[in-house]
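End of the sequence shown = 804 in this note's numbering, gap-free, step of one. Positions of the beta carbon are idealized from the N, C-alpha and C atoms, including for glycine. Owing to the predicted nature of the structure, the values given are computational and were not obtained by experimental measurement. Beneath this line is the structure, given in structure tokens, with notes to follow.
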Amino acid sequence: MRAREGSEYGAWWWLLGVGLVVGLLCPGGAARAQRTTALYLSNDSTMVSKISFRFVETQTFEEDQLRQQIATRAPGFWDRLRRVLPLLSFDPTPYRLDPIELQRDVVRLRRFYERNGFLNPSIDYPASQLDTTKNTLHVVFTIREGPPLIIQDVVFYGPDGRFAYYLFPEPLQPRWIKLRDQMRGRIGRRFTESELVLMRGEVLRWLMDRGYAFARVDAETDVDSVDHAVDLRFRIDPGPVAYFDDIIVEGVQRVDPGIVRRELPFQPGTRFSNTRLVRGQQELFGLNLFRVALVEVPTDQPRDSTVTVRVRVREALPRYVSVQPGWAREDGLALQADWQHRNLLGGGQHVTVSAQWRSGRLALPQSDRQPVRSFNASLSLRQPYLFTTRLSAIVSPFFTFFDDQNQLGTSFNEYGLNTTLIYELLPFRTLSLQHTFARAIPLDGARIADTLNVYNRNIVTAAATVGRLNDFQNPRRGFLLRPQVEAAGLLRSGVTYYKGQADALWYQPLTRRILLKTRLVLGRLWPLGASRNQNNPDVEFRFDPIRFYAGGSGDVRGWPLQLLGDKFARPAVNDSTRFLYEAVGGVAKMAGSVEVQWPVPGLSSRWSLATFLDAGQVSGRLARDDEGRVLRNENGNPILLGERIFDPADLRFGVGTGLRFRSPIGVLRFDIAYKLNPSPEDLQPAEERYRYDTGQRAEPPASRFLDRFNLHFGIGGTF
Numbered sequence: 086m087r088a089r090e091g092s093e094y095g096a097w098w099w100l101l102g103v104g105l106v107v108g109l110l111c112p113g114g115a116a117r118a119q120r121t122t123a124l125y126l127s128n129d130s131t132m133v134s135k136i137s138f139r140f141v142e143t144q145t146f147e148e149d150q151l152r153q154q155i156a157t158r159a160p161g162f163w164d165r166l167r168r169v170l171p172l173l174s175f176d177p178t179p180y181r182l183d184p185i186e187l188q189r190d191v192v193r194l195r196r197f198y199e200r201n202g203f204l205n206p207s208i209d210y211p212a213s214q215l216d217t218t219k220n221t222l223h224v225v226f227t228i229r230e231g232p233p234l235i236i237q238d239v240v241f242y243g244p245d246g247r248f249a250y251y252l253f254p255e256p257l258q259p260r261w262i263k264l265r266d267q268m269r270g271r272i273g274r275r276f277t278e279s280e281l282v283l284m285r286g287e288v289l290r291w292l293m294d295r296g297y298a299f300a301r302v303d304a305e306t307d308v309d310s311v312d313h314a315v316d317l318r319f320r321i322d323p324g325p326v327a328y329f330d331d332i333i334v335e336g337v338q339r340v341d342p343g344i345v346r347r348e349l350p351f352q353p354g355t356r357f358s359n360t361r362l363v364r365g366q367q368e369l370f371g372l373n374l375f376r377v378a379l380v381e382v383p384t385d386q387p388r389d390s391t392v393t394v395r396v397r398v399r400e401a402l403p404r405y406v407s408v409q410p411g412w413a414r415e416d417g418l419a420l421q422a423d424w425q426h427r428n429l430l431g432g433g434q435h436v437t438v439s440a441q442w443r444s445g446r447l448a449l450p451q452s453d454r455q456p457v458r459s460f461n462a463s464l465s466l467r468q469p470y471l472f473t474t475r476l477s478a479i480v481s482p483f484f485t486f487f488d489d490q491n492q493l494g495t496s497f498n499e500y501g502l503n504t505t506l507i508y509e510l511l512p513f514r515t516l517s518l519q520h521t522f523a524r525a526i527p528l529d530g531a532r533i534a535d536t537l538n539v540y541n542r543n544i545v546t547a548a549a550t551v552g553r554l555n556d557f558q559n560p561r562r563g564f565l566l567r568p569q570v571e572a573a574g575l576l577r578s579g580v581t582y583y584k585g586q587a588d589a590l591w592y593q594p595l596t597r598r599i600l601l602k603t604r605l606v607l608g609r610l611w612p613l614g615a616s617r618n619q620n621n622p623d624v625e626f627r628f629d630p631i632r633f634y635a636g637g638s639g640d641v642r643g644w645p646l647q648l649l650g651d652k653f654a655r656p657a658v659n660d661s662t663r664f665l666y667e668a669v670g671g672v673a674k675m676a677g678s679v680e681v682q683w684p685v686p687g688l689s690s691r692w693s694l695a696t697f698l699d700a701g702q703v704s705g706r707l708a709r710d711d712e713g714r715v716l717r718n719e720n721g722n723p724i725l726l727g728e729r730i731f732d733p734a735d736l737r738f739g740v741g742t743g744l745r746f747r748s749p750i751g752v753l754r755f756d757i758a759y760k761l762n763p764s765p766e767d768l769q770p771a772e773e774r775y776r777y778d779t780g781q782r783a784e785p786p787a788s789r790f791l792d793r794f795n796l797h798f799g800i801g802g803t804f
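Encoded structure:
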């Protein structure tokens, strides 16, 4: 009886504590608070507790968008937390009520609605609630938008009053008709001032890209306030067709002006194009020689058939050293050091000497994995101009030490040479061709293994990045395709195969702040010749880094790094008292993700929540007996079966949620994922599973429910 009473009292204390916290963090939580709309009772100490919006009849804009238009502010979640916790400071000054500023906010909101096509919006705050007990004000803006202005007609005229169609020569007229029809496609939409500016800019860019360097476009509106309609009229004066003439370079010190002119996609006599100016500026930034690069047309020149271009640059330091320490969950402490020379031979050649060390110390690998250790050193020479500004070449000798005890025997030294050609189609969209020649030296513990196992890798790789995104750094709309193919063994090589992989990404905003992201990954490997026998220990060792794997924070969440699919338990190489799972991988992989991101209530737009569904499958299969034990050969190695290629029945699914924060160093990610259909090994300790597979215990290990969950941390977007 006492135990029951203690449990009941404990529950009451718990509920009381939760209620106290909620009362402190939630404004207006006091039951006896006296609320009134008599705002004249406020004073200089009155605090704004909350800002809300009430919409009469229609709502066009989200509340967050309206809050950005006003100066009055209310405390957020973190501010309320600082106010109740004694060790955190809270400054109430930004949240004091300013009646004059509140009136200005009404004017700001009206102007915002007028700019966005609402002629007579009604905005006030009579429903605001003053809590006289706490001396706080809940500001409630009541908004009646009224009917919006609708675009009724879009017309283009020339300086003489005729339709703009007659301004252009016959070859340009069909293109003008296409642009005009695109502009008229906006008929029926709500009018906004920003839409008018965008339309004028599109027409002006179209003219300038067709040689009209000094084109002028004026926009007028004819508003019918009775029918709430507006006609848009554009008056176009294209001016003469112009050609590039003099190119003036300013600001160079150590860099030859000829290098600057070489990177420009035009020369004297080329027909003027504004797109060429923009591309030339991008090419100059791509050299990494300049901190500032501006390619512009001076305004103080006659409106004739020649265009003088001025290029203004500010050079960056020619040499610099960077040292970057870091930490990763799988690798532990890491260090990267670079020395770079931006213009070694005077032709824009970029030289980088780089060293990267992943120590494995202080690592926190998931599941029973062991830290990965590696060291890489390289010398890279980049030639930015190879017959054309779009083509560049990179030659890079390298040395690598790699030790991954999660893959039995995957420990080796390697040295070689990478030669790469990169062709830039558009910014962030490229074609590349790389040849890698390397000599791999397997290691046995800390010793060099049998020299007969030393082998060469001779690989040719072709890759592309194509697509269309609104922002390649932080995409919200569009798609991206990244196909890649490899061929090993065209020349003498210890591994022979063909390999293909493709990633497809798609981004679609559902609302202004809710984003849908999807990803699909397909990969296929075809071992050739002697490499076909994947049960051969030498072949298996050489193909460990080549086969496909799935799982991890950037792949199928819910599973540790590369541990989705068939796997087997074994003792660790350097510590027989520890056990881990080794993934089999596969010659084929299929994976996909669907993720929805939305704002965090009460926090700024830099924070967001995510909900995701991931799925993946790799084709490798292990031979098993009727009780599920992994079968092994006479050497104790697991036996591989024929692989199932792209079998949907083998798909594993993970779901979860996460938190995102957009920081100066990138997006910080924290995800918690749950395995929907794990395999038995996914939930069993590696040591107990090994004993079961080897017959040291009769019953299979018990599953651990908590192993269905996995935490993932990362910097940068998931995809």
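Query raised in the report: Straight-line CA distance for residue 756 to residue 787?
Result: Mapped onto the sequence shown, residue 756 falls at position 671. Mapped onto the sequence shown, residue 787 falls at position 702. Going by the C-alpha atoms only, they are around 27 Å apart.
Query raised in the report: Thinking C-alpha only, which one of 793, 563, 597 is nearest residue 555?
Result: Here residue 555 refers to the residue found at position 470 of the sequence shown. Of the candidates 793, 563, 597, the one whose C-alpha sits nearest the C-alpha of residue 555 is 563.
Query - Selected residue, minimal CA-CA separation from residue 266, among 277, 249, 144 - result: Residue numbering aside, residue 266 sits at position 181 when the sequence shown is read from its first letter. The shortest Cα separation from residue 266 among 277, 249, 144 belongs to 249.
Requested in this report: Decide yes or no for the touch test of the segment 694-702 against the segment 656-664: beta carbon pairs closer than 8 Å, at least 3 of them.
Outcome: no
**Report entry** Rounded straight-line distance, which links the Cα of residue 236 to that of residue 272
**Finding:** For the purposes of this step, residue 272 is taken as the residue at position 187 of the sequence shown. For the purposes of this step, residue 236 is taken as the residue at position 151 of the sequence shown. Going by the C-alpha atoms only, they are around 5 Å apart.
Report task. Could you work out which residue in 388, 634, 280 is closest to residue 706 when comparing CA atoms only? Result -> Here residue 706 refers to the residue found at position 621 of the sequence shown. Answer by Cα proximity: 634.
Query - For residue 444, three-class secondary structure by DSSP - result: Indexing the sequence shown from 1 puts residue 444 at position 359. Here residue 444 sits in coil by DSSP.
Report task. Have a look at residue 229 and residue 732 and give me their C-alpha separation to the nearest angstrom. Result -> Numbered from 1 along the sequence shown, position 144 holds the residue referred to as residue 229. Numbered from 1 along the sequence shown, position 647 holds the residue referred to as residue 732. Answer to the nearest angstrom: the Cα atoms are 56 Å apart.
Requested in this report: Note down the Cα distance separating residue 355 from residue 625, rounded to an integer number of angstroms.
Outcome: Sequence index remark: in the sequence shown, residue 355 carries index 270 (1-based). Sequence index remark: in the sequence shown, residue 625 carries index 540 (1-based). The straight-line gap from Cα to Cα measures roughly 58 Å.
Report task. Would you identify the three-state DSSP class for residue 263, choosing helix, strand or coil? Result -> Within the sequence shown, numbered from 1, the residue matching residue 263 stands at position 178. Three-state DSSP puts residue 263 in a helix.
Report task. Drop a sphere of 10 angstroms on the beta-carbon of residue 153, count the other beta-carbons inside from all chains shown, and report buried for 16 or more, exposed for fewer. Result -> By 1-based counting over the sequence shown, the position of residue 153 is 68. So residue 153 counts as exposed.
Query - Closest Cα partner of residue 179 within the set 161, 196, 192, 189 - result: For the purposes of this step, residue 179 is taken as the residue at position 94 of the sequence shown. Of the listed residues, the one whose Cα sits closest to residue 179 is 161.
Requested in this report: List the whole-angstrom C-beta distance separating residue 322 from residue 244, where the pair is believed to meet the contact cut-off of C-beta under 8 Å.
Outcome: Locating residue 322 in the sequence shown gives position 237, where the first residue counts as 1. Locating residue 244 in the sequence shown gives position 159, where the first residue counts as 1. At roughly 5 Å, the Cβ-Cβ gap stays under 8 Å, so residue 322 and residue 244 are in contact.
Query raised in the report: Shortest alpha-carbon distance to residue 602 belongs to which of 559, 619, 328?
Result: The residue given as residue 602 occupies position 517 in the sequence shown. Checking every option, the nearest Cα to that of residue 602 belongs to 559.
Query raised in the report: Roughly how many angstroms separate the alpha carbons of residue 197 and residue 380, rounded to a whole number?
Result: Walking along the sequence shown from the start, residue 197 turns up at place 112. Walking along the sequence shown from the start, residue 380 turns up at place 295. Looking at the two C-alpha atoms, the distance is approximately 35 Å.
Query raised in the report: When the distance is taken between beta carbons, is residue 368 closer than 8 Å to residue 491?
Result: Locating residue 491 in the sequence shown gives position 406, counting from the first residue. Locating residue 368 in the sequence shown gives position 283, counting from the first residue. Taking 8 Å as the Cβ cut-off, residue 491 and residue 368 do not qualify as a contacting pair.
Requested in this report: Check residue 487 in the structure and name its three-state DSSP category.
Outcome: Counting from one through the sequence shown, the residue named residue 487 turns up at place 402. Residue state, collapsed to three classes: strand.
Query - Enclosing beta strand (DSSP E) for residue 829 [first to last residue] - result: The structure shown has nothing for residue 829, since the chain only spans 86 to 804.
Report task. Could you spell out where the alpha helix (DSSP H) holding residue 771 opens and where it closes? Result -> Along the sequence shown, one-based indexing puts residue 771 at 686. Here the alpha helix (DSSP H) through residue 771 covers 771-778.
Query raised in the report: Does DSSP put residue 250 in a helix, in a strand, or in coil?
Result: The residue labelled residue 250 in the question sits at position 165 within the sequence shown. Of the three classes helix, strand and coil, the one that applies to residue 250 here is helix, per DSSP.
Query raised in the report: Could you give the distance in angstroms between the alpha-carbon of residue 716 and the alpha-carbon of residue 766?
Result: Your numbering for residue 716 matches position 631 in the sequence shown. Your numbering for residue 766 matches position 681 in the sequence shown. Residue 716 and residue 766: Cα-Cα distance of roughly 15 Å.
Report task. Kindly identify the DSSP beta-bridge partner or partners of residue 329. Result -> Residue 329 sits at position 244 when you count from the first residue of the sequence shown. Bridge partners of residue 329: 392.
Requested in this report: Evaluate the contact criterion for the segment 467-476 versus the segment 671-686: three or more CB pairs, one atom per stretch, below 8 Å.
Outcome: no
Query - Touching by the beta-carbon criterion (3+ pairs, under 8 Å), the segment 446-463 and the segment 644-652 - result: yes
Report task. Could you name the residues that DSSP lists as bridge partners for residue 563? Result -> Position 478 of the sequence shown, counted from the first residue, corresponds to residue 563. Beta-bridge pairing links residue 563 to 554, 592.
Report task. Buried or exposed for residue 797, please, with buried defined as at least 16 other CB atoms from any protein chain shown within 10 angstroms of its CB. Result -> Within the sequence shown, residue 797 is the residue found at index 712, counting from 1. It counts as buried.
Query raised in the report: If you drop the 5 nearest sequence neighbours on each side, which residues of the same chain put their C-beta closer than 7 Å to that of residue 298?
Result: Position 213 of the sequence shown holds residue 298. Excluding residues within five positions, the ones whose Cβ falls inside 7 Å are 327, 357, 382, 392.
Query raised in the report: What's the call for residue 803, buried or exposed, on a 16-neighbour Cβ count within 10 Å?
Result: Along the sequence shown, one-based indexing puts residue 803 at 718. Residue 803 is buried by the Cβ-count criterion.
Query raised in the report: Rounded to a whole number of angstroms, what is the C-alpha to C-alpha distance between residue 539 and residue 526?
Result: Position 454 of the sequence shown, counted from the start, is the residue given in the question as residue 539. Position 441 of the sequence shown, counted from the start, is the residue given in the question as residue 526. Computed Cα separation, rounded: 5 Å.
Requested in this report: From the DSSP output, in three-state form, read off residue 738 for me.
Outcome: In the sequence shown, residue 738 corresponds to position 653, counting from 1. Strand, per DSSP.
Query raised in the report: At what residues does the alpha helix (DSSP H) containing residue 711 begin and finish?
Result: In the sequence shown, counting from the first residue as 1, residue 711 sits at position 626. No alpha helix (DSSP H) holds residue 711; DSSP gives it neither H nor E.
Query raised in the report: Which of the three DSSP states, helix, strand or coil, is assigned to residue 159?
Result: Indexing the sequence shown from 1 puts residue 159 at position 74. In the structure shown, residue 159 sits in coil (DSSP, three-state: anything other than H, G, I, E or B).
Query raised in the report: Given a threshold of 16 other Cβ atoms within 10 Å of its Cβ, counted over all protein chains shown, does residue 682 qualify as buried or as exposed?
Result: Position 597 of the sequence shown holds residue 682. When all chains shown are included, residue 682 counts as buried.
Report task. Per DSSP, which residues does residue 666 bridge with? Please list them. Result -> The count along the sequence shown starts at 1 and reaches residue 666 at position 581. Paired residue(s): 654.
**Report entry** Beta-carbon separation (whole angstroms), residue 399 vs residue 376, contact threshold 8 Å
**Finding:** Taking the sequence shown and counting its residues from 1, one reaches residue 399 at position 314. Taking the sequence shown and counting its residues from 1, one reaches residue 376 at position 291. About 5 Å; that satisfies the 8 Å criterion.
Query raised in the report: Taking DSSP as the reference, what is the three-state secondary structure of residue 759?
Result: As a first step, residue 759 is located in the sequence shown; it is residue number 674 there, counting from the start. The answer is strand: DSSP assigns residue 759 an E or B state.
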